[in-house]
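Novice: Could you have a look at this structure, given as structure tokens, before my questions?
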Amino acid sequence: MSSATFGGLLRLHGNDLARVQRVLDPVLAAGLFVLLDHRREIDPLVLPTWLWIMAFTALMLSSGGVYASYRQASLFTLARRVSSRWLLVLTALLLLTYLTKTTASFSRIETSLWALSCWLLLLLNHVGLRQLLRCHRQRGGNSRTILYWGMPAAAAAFQAELRAAPWMGLRMVAWFSPIPVSPDQQPPQFPSCGGGVAEMRRWLESHSVDRIVFSHVTRDGFTMGQLLALFGDTCLPVVYAPDWAQSNMHFRVDRLGHLPCIDLWGSEASLIDRHLKRSFDLALTSTGVVLISPLLLAIAIAVALSSPGPILFVQDRYGLDGKRFRIYKFRTMRVMEAGDPPVSGKMSPLSSVHPGA
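For the sequence shown, my numbering assigns the number 368 to the last residue and increments by one with no breaks.
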């Protein structure tokens, strides 16, 4: 099979490959257990152990985002997710054998060998396969072409991101700008600006790309609705990449009634997750304070003997959702003033950002 044919199959049937992995992972985990299980007695669980393994593996891996597209994500993130979900599978199996009082029926050596082998196979199936795909994309295979609409500075920044990550396999093949671009504004190693809206319309009639990315919404003589109508008529995937976006923005789609909205900032954790995290933090920090209390007492005595003034320094800080709390620490400074006001993001004030800019 040629490289072009292989790249075409990946492009057209990428979702099918993910479905194959969804089936392959539980089958591999259950099959490897059957091969390594040398027990002679009847299976102590209500259902066959390999069936429990298939069920837990399919459930845990599917719910952990393991099969999502990782064209843009790091392999370290993928490896961490695979490892954490596999630990959940092992925890569920261990809890099952504990509740059914069948832990002694399984060999520790065989079980440990099976758990380690499955973990390595999962990493090979996901991280290893994606590493091969990245190498294939860096050689030009399975690439995706992009048409970009935006200002020269935004287009140059977007192209720099693509060039910094060639393993994504994304190539900008055409660029159009809402303003005329002079030769001195043309970025180096960059597609020449093809013109404005009229030129882009004609170009799309005779060319095809895999994706349209735009970062600028024109306001003079060409509305957002007209721009979206132009892109919508192409039947191509369209991505809005605003040049004002920050890495700490969430961009979650929500609805207020029938009105679609985009959440930029805010906590993603649910009420239950917040209380669980707070309980865990309090328990862990309380244990830590008790363990190091002799050291803290020694530091307090040293601070009191070194110079006059209070031992502890009290300061206002701002945590989740901008809520103020008080922090106590050993005095290392002499100025008793509050901390900085809460800041939601490192950018200009929101009042200076206008819709459609």
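Note that the Cβ used here is the ideal one computed from N, Cα and C, for glycine as well.
Please state the DSSP three-state secondary structure of C204.
Specialist: Start at 1 with the first residue of the sequence shown, and residue 204 comes out as number 193. It is a strand residue.
Novice: Looking at C-beta atoms only, is the number of pairs between the region 163 to 177 and the region 195 to 206 that lie closer than 8 Å three or more?
Specialist: Yes: the two stretches touch, three or more of their Cβ pairs being nearer than 8 Å.
Novice: Is D195 helix, strand or coil when you go by DSSP?
Specialist: Position 184 of the sequence shown, counted from the first residue, corresponds to residue 195. The answer is helix: DSSP assigns D195 an H, G or I state.
Novice: What did DSSP end up calling W97 once you bin it into helix, strand or coil?
Specialist: By one-based count along the sequence shown, residue 97 stands at place 86. Helix at W97.
Novice: Name, in chain order, the residues that DSSP records as bridge partners for I9.
Specialist: Outside the displayed span of the chain (12 to 368) sits residue 9, for which this structure offers no information.
Novice: For P253, which of H227, G299, G320 has the nearest alpha-carbon?
Specialist: Position 242 of the sequence shown, counted from the first residue, corresponds to residue 253. When each option's Cα is compared against that of P253, the closest is H227.
Novice: Roughly how far, in whole angstroms, is the beta-carbon of P37 from the beta-carbon of T68, given that I think they are within contact range, below 8 Å?
Specialist: Locating residue 37 in the sequence shown gives position 26, where the first residue counts as 1. Locating residue 68 in the sequence shown gives position 57, where the first residue counts as 1. With a Cβ gap of about 4 Å, P37 and T68 count as contacting.
Novice: Is the CB-CB distance between W63 and L135 below 8 Å?
Specialist: Along the sequence shown, one-based indexing puts residue 63 at 52. Along the sequence shown, one-based indexing puts residue 135 at 124. Not closer than 8 Å, so no.
Novice: Mark S211 as exposed unless 16 or more other C-beta atoms lie within 10 angstroms of its C-beta, in which case mark it buried.
Specialist: Residue numbering aside, residue 211 sits at position 200 when the sequence shown is read from its first letter. The question names Ser, but residue 211 in the sequence shown is Met. M211 should be labelled buried.
Novice: Going by beta carbon distance, what residues of the same chain come within less than 6 Å of W160, once the five residues before and after it are set aside?
Specialist: As a first step, residue 160 is located in the sequence shown; it is residue number 149 there, counting from the start. F187, F225.
Novice: Between S73 and R119, is the Cβ-Cβ spacing less than 8 Å?
Specialist: In the sequence shown, residue 73 corresponds to position 62, counting from 1. In the sequence shown, residue 119 corresponds to position 108, counting from 1. No.
Novice: Provide the residue span of the beta strand (DSSP E) that contains M183, from first to last.
Specialist: On the sequence shown, residue 183 is found 172 positions in, with the first residue counted as 1. 181 to 187 is the span of the beta strand (DSSP E), which, as asked, contains M183.
Novice: Measuring CA to CA, which of K112, V220, S123 is closest to L101?
Specialist: Along the sequence shown, read from residue 1 onward, the residue named residue 101 stands at position 90. Of the listed residues, the one whose Cα sits closest to L101 is S123.
Novice: State the start and end residues of the unbroken alpha helix (DSSP H) segment that holds W130.
Specialist: For this step, residue 130 is matched to residue 119 along the sequence shown. Segment 119 to 134, the alpha helix (DSSP H) holding W130.
Novice: Using CA atoms only, rank isn't needed, just tell me which of G277, R342, R141, S297 is closest to G330.
Specialist: Here residue 330 is taken as the residue at index 319 of the sequence shown, counted from 1. It is G277 whose Cα lies nearest to the Cα of G330.
Novice: Can you tell me whether DSSP reads K334 as helix, strand or coil?
Specialist: Translated into the one-based positions of the sequence shown, residue 334 becomes position 323. In the structure shown, K334 sits in coil (DSSP, three-state: anything other than H, G, I, E or B).
Novice: Can you tell me whether DSSP reads D370 as helix, strand or coil?
Specialist: Examination of residue 370 is not possible in this model, given that the chain is present from 12 through 368 alone.
Novice: Would you mind stating whether P189 and G207 have Cβ atoms separated by less than 8 Å?
Specialist: Sequence index remark: in the sequence shown, residue 189 carries index 178 (1-based). Sequence index remark: in the sequence shown, residue 207 carries index 196 (1-based). Result yes, Cβ atoms of P189 and G207 sit closer than 8 Å.
Novice: Near V264, which residues of its chain fall below 7 Å by C-beta distance, leaving aside the five closest residues on each side in sequence?
Specialist: For the purposes of this step, residue 264 is identified with residue 253 of the sequence shown, where counting begins at 1. P271, I273, listed in sequence order.
Novice: With DSSP run on the structure shown, which of helix, strand or coil describes D36?
Specialist: In the sequence shown, the residue the question calls residue 36 occupies position 25. Looking at D36 - three-state DSSP - the assignment turns out to be helix.
Novice: Reducing DSSP to helix, strand and coil, say where F225 ends up.
Specialist: Along the sequence shown, read from residue 1 onward, the residue named residue 225 stands at position 214. In the structure shown, F225 sits in a strand (DSSP, three-state: E or B).
Novice: According to DSSP, is I157 part of a helix, a strand, or is it coil?
Specialist: Indexing the sequence shown from 1 puts residue 157 at position 146. Strand.
Novice: Have a look at H269, L275, A166 and flag the residue whose alpha-carbon is nearest the alpha-carbon of M260.
Specialist: Mapped onto the sequence shown, residue 260 falls at position 249. Of H269, L275, A166, the residue nearest in Cα terms is L275.
Novice: Locate the beta strand (DSSP E) running through V249, then write down its first and last residues.
Specialist: Within the sequence shown, residue 249 is the residue found at index 238, counting from 1. Unbroken beta strand (DSSP E) run through V249: 249 to 251.
Novice: Please look up how many angstroms separate the CB atoms of M65 and A40, rounded, as I've assumed it's under 8 Å.
Specialist: Numbered from its first residue, the sequence shown carries residue 65 at position 54. Numbered from its first residue, the sequence shown carries residue 40 at position 29. Yes, M65 and A40 are in contact; Cβ-Cβ is about 7 Å, under 8 Å.
Novice: Inspect the beta-carbon positions of W97 and R145 and report whether they are closer than 8 Å.
Specialist: Counting from one through the sequence shown, the residue named residue 97 turns up at place 86. Counting from one through the sequence shown, the residue named residue 145 turns up at place 134. No.
Novice: Exposed or buried, S154, counting other C-beta atoms within 10 Å across all chains shown (16 or more means buried)?
Specialist: By one-based count along the sequence shown, residue 154 stands at place 143. Buried: at least 16 other Cβ atoms inside 10 Å.
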